[in-house]
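Presented below is the structure to which this report refers.
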Amino acid sequence: MACTSSPTFTLNRNANKLHFPWLPERNKPLQTIINLNLPSFPPRSNAIFVRSSSSAPPSLSSDVLTNDEDIERIKRLQNGSDIRGVALEGEKGRTVDLTPPAVEAIAESFGEWLISKLRDGEEENEGVDVVKVSLGRDPRVTGAVLSVAVFAGLARAGCLSFDMGLATTPACFMSTVLPDFSYHGSIMMTASHLPYTRNGLKFFTKRGGLTSLEVEELCDRAARKYANRQAKVSLTLNNPPIKVNLMSAYASHLRDIIKERINHPTHYDTPLQGFQIIVNAGNGSGGFFTYDVLDKLGADTFGSLHLNPDGMFPNHIPNPEDKIAMAFTRAAVLENSADIGIVFDTDVDRSGLVDNKGNPINGDKLIALMSAIVLKEHPETTIVTDARTSIGLSRFITNCGGKHCLYRVGYRNVIDKGVQLNKDGIETHLMMETSGHGALKENYFLDDGAYMVVKIIIEMVRMRLSGSSEGIGSLIKDLEDPVDSVELRMDVLSEPRYAKAKAVEVIETFRKYVEDDKIEGWVLDSCGDCWVGEGCLVDLNENPTAIDAHMYRVKVLDKEENEQGWVHLRQSVHNPNIAVNMQSSIPGGCRSMTKIFMDNKLYVFRSAKWACFGKVFDLTNNTWDPLPKPIPFSGRNFKVSSPLVSDPLHNHILVHVDLFLPFASSIYAYYTADATWECLIENFDRVWVGPIVLYL
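Taking the numbering used here, the leading residue of the sequence shown gets 50, the next gets one more, and so forth.
Here it is, written out as structure tokens:
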């Protein structure tokens, strides 16, 4: 989601001028008059774009009474280019927010958005009589109920719906391009590898998945619809969707690709004969690949795991990055002496592997394997990855004859970057993120875990036909692994609506800190035509991509200015936190970088009666030293609110202290440079805010 600015405040020595925008205003009304200015659409009677429906929505006036919280509730469901939310009770500390009424409003907004794009010629609209939209879903237990809401929303918009049932995310896109289907749009209901309590939506047109900004537009429109509906109850379906068997056509499409490209000299229709392949579907949607693709091509799939769809995911998280999923698959490969093991995520837009020796192939290794295969077919092509990949991967791609372009984290960002490079005349055939999302130019720039596996299987068979006895893992034997790597998460302590803006403040402060040469040997990273700017790695072109999350990558150099590691700081689009990734090519390198990042000290404040106010741990000398008490606390009881966050970039920590006296709650600043305290607000009104800790 594109970041929007929020009210700001400045820390200064005058407590009366401090302003905290996320605290509730005492007299703020619950409702606000908002001018909607909705874009115009064709009249409901227009047969070119609209299917006749008795459930057309009432017209909205330009000035409508809306509930601010309802609007924010829908907007918070955006997760980059997807919709994600809690659809079922059971998560501690989380309430259900992806409700049928919310889903209905979002689906209706997608239908209207698609109609407007077709009307304006921004999407292919050859001979459109009625706008057709398909829906697929993974096996989550909330899928059936939320599907009704999707169909109701599409009906409101005037679209004709097609029910694919259990499906994969790539298959949903393929429903817009495969013959006999060719729908104008598609929706996949999934929350990928997240727990069974979650669910979500992904949107497609014939040109691919919607961007973050386009999904933000849908959410804005849906939020207004949701807030203005007096009855938050999903409609009953007057016109049921048309059921279609898209998955059989999609599986046939994959089988044909394998047969044609292997072109086996003796058994064309069963080119996988003699290969044992283990599939771990994780009880998601990927079981079809075993019985409807591999088995029909002659492969032995005995020993495959968790093929039956089960929305509770009883065995492990369906995620190729999950260690348990990889361990299950590794054990099955070794036990059955299989040639390869495949791990799919829930909706099969990602995959991972285990080679015949039991070595896991995911993350950088999977990108390296796909790079080796693609560079055989397209020498010197550019390969786009997110900026969390290793120095060793960059060397591997270069040694294979390719060019490595680092880009922003987020699979949609990486794919869109590849699309843009091709438009600019830079041949780019592979785009991959370390999470396992991988897209190929030859396959509609679609991140399809099954298609990626198809490419790898084809290469494996070709190696066997050429007389090689080595497994697929031999293609990446020259890849250098990082010596040290770590990921840290820093929570943003703020009201949810301000969390992203506060994360941006911290990340921009970090950027300036590095730019001002405050840390010796740390420099903002660059890669070819890419440069760290505007909050992300972007091209130096006339039309830079809009920012959906702020992030920077910093190179860490030794005294001879040789790169020995990197630090990547980014704003999470999923949760109110900041992710810090580090990699190093020297032992203990991440620990050294962490020391620098934490200003070589860790501060611990605590509640006490007469004891010390807290301690500071020196990461360099591994010693503890007591923190001085602020003078007013001598001989008095007090309580420090937690958790506490150190902000070494500003050399101060804000501390909220409760003295157990009426109106004796105070905000203090502890300055780390000279170990001194200052009272910023002496009488902090805890009736309204309670315990709080802030960092600036």
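Cβ coordinates follow ideal geometry from the N, Cα and C atoms, glycine included.
Everything numeric in this text was worked out from a predicted model, so none of it was measured.
Where the alpha helix (DSSP H) through residue i begins and ends
i    : result
I155 : P149 to R168
I506 : G498 to L514
A488 : No alpha helix (DSSP H) holds A488; the beta strand (DSSP E) holding it covers G487 to L489.
I123 : D117 to K124
A330 : Run containing A330: none; DSSP gives neither H nor E here.
P219 : T218 to M223
Spatially closest choice to residue i from the options, by CA coordinates
i    : options                   : result
E263 : P290, A276, L163 and N277 : L163
V423 : E557, G451 and T438       : G451
G192 : G214, D305 and S210       : G214
L346 : P367, G352 and N312       : N312
D394 : P149, T217, V458 and Q127 : T217
R186 : E557, T438, P228 and R247 : R247
G485 : E491, G498 and G474       : G498
K466 : Y547, G412 and I432       : I432
R304 : T350, L295 and Y500       : Y500
T430 : V541, I475 and L259       : I475
P358 : V190, M631 and P149       : V190
T239 : G202, M419 and V397       : V397
P188 : L243, S224 and K292       : L243
D527 : H316, A417 and E384       : A417
Straight-line gap, residue i to residue j (C-alpha atoms, nearest Å)
i    : j    : result
M753 : F252 : Residue 753 is absent from the structure shown; the chain starts at 50 and stops at 745.
L354 : P367 : 11 angstroms
W726 : R619 : 31 angstroms
E140 : N128 : 18 angstroms
N626 : K308 : 47 angstroms
R256 : D496 : 13 angstroms
G459 : R437 : 11 angstroms
V197 : G207 : 15 angstroms
F377 : G336 : 16 angstroms
I507 : R310 : 7 angstroms
I410 : L321 : 21 angstroms
T81  : E121 : For T81, the predicted structure reports a pLDDT of 26, less than 50, and the residue's modelled location is therefore unreliable. A value from the coordinates is still provided. Distance between the alpha carbons of T81 and E121 is about 13 angstroms.
M539 : S334 : 33 angstroms
A222 : L184 : In the sequence as presented, Ala is not what sits at residue 222; that position holds Phe. Rounded to whole angstroms, F222 to L184 spans 10 angstroms at the Cα level.
Q325 : H427 : 29 angstroms
F159 : V182 : 10 angstroms
E746 : S633 : Since the first and last residues shown for the chain are 50 and 745, residue 746 lies out of range.
V510 : P363 : 34 angstroms
L388 : N405 : Checking the displayed sequence, the identity of residue 388 turns out to be Asp instead of Leu. Going by the C-alpha atoms only, they are around 5 angstroms apart.
G441 : D533 : 12 angstroms
G570 : M361 : 48 angstroms
Continuous beta strand (DSSP E) stretch holding residue i: start and end
i    : result
T2   : Residue 2 is absent from the model: the chain starts at 50 and stops at 745.
N626 : N626 to S633
I475 : Here I475 belongs to no beta strand (DSSP E), and DSSP marks it neither H nor E.
E536 : D533 to D540
I236 : G234 to M238
Identified DSSP bridge partners for residue i
i    : result
R247 : V135
D349 : Q325
Y601 : L618
L209 : K181
K292 : D212
G257 : T254
N128 : D131
I311 : None; I311 has no bridge partner.
P369 : Paired residue(s): none; P369 is not in a bridge.
Helix, strand or coil at residue i according to DSSP, with G and I counted as helix
i    : result
E612 : strand
L606 : strand
T454 : The amino acid occupying residue 454 in the given sequence is Cys; Thr does not appear at that position. C454 falls in the strand class under three-state DSSP.
S400 : strand
E426 : helix
H302 : helix
M375 : helix
L72  : Low per-residue confidence applies at L72: pLDDT is 29, beneath 50, and the placement is therefore not dependable, though the value from the model is reported in the following sentence. In the structure shown, L72 sits in coil (DSSP, three-state: anything other than H, G, I, E or B).
F393 : strand
L415 : helix
N364 : coil
G441 : helix
R640 : helix
R186 : strand
L356 : coil
I568 : coil
L573 : strand
L495 : strand
Below-7 angstroms beta-carbon distance, residue i vs any chain C residue
i    : result
D341 : Protein chains in the displayed structure number just one, and chain C is not present.
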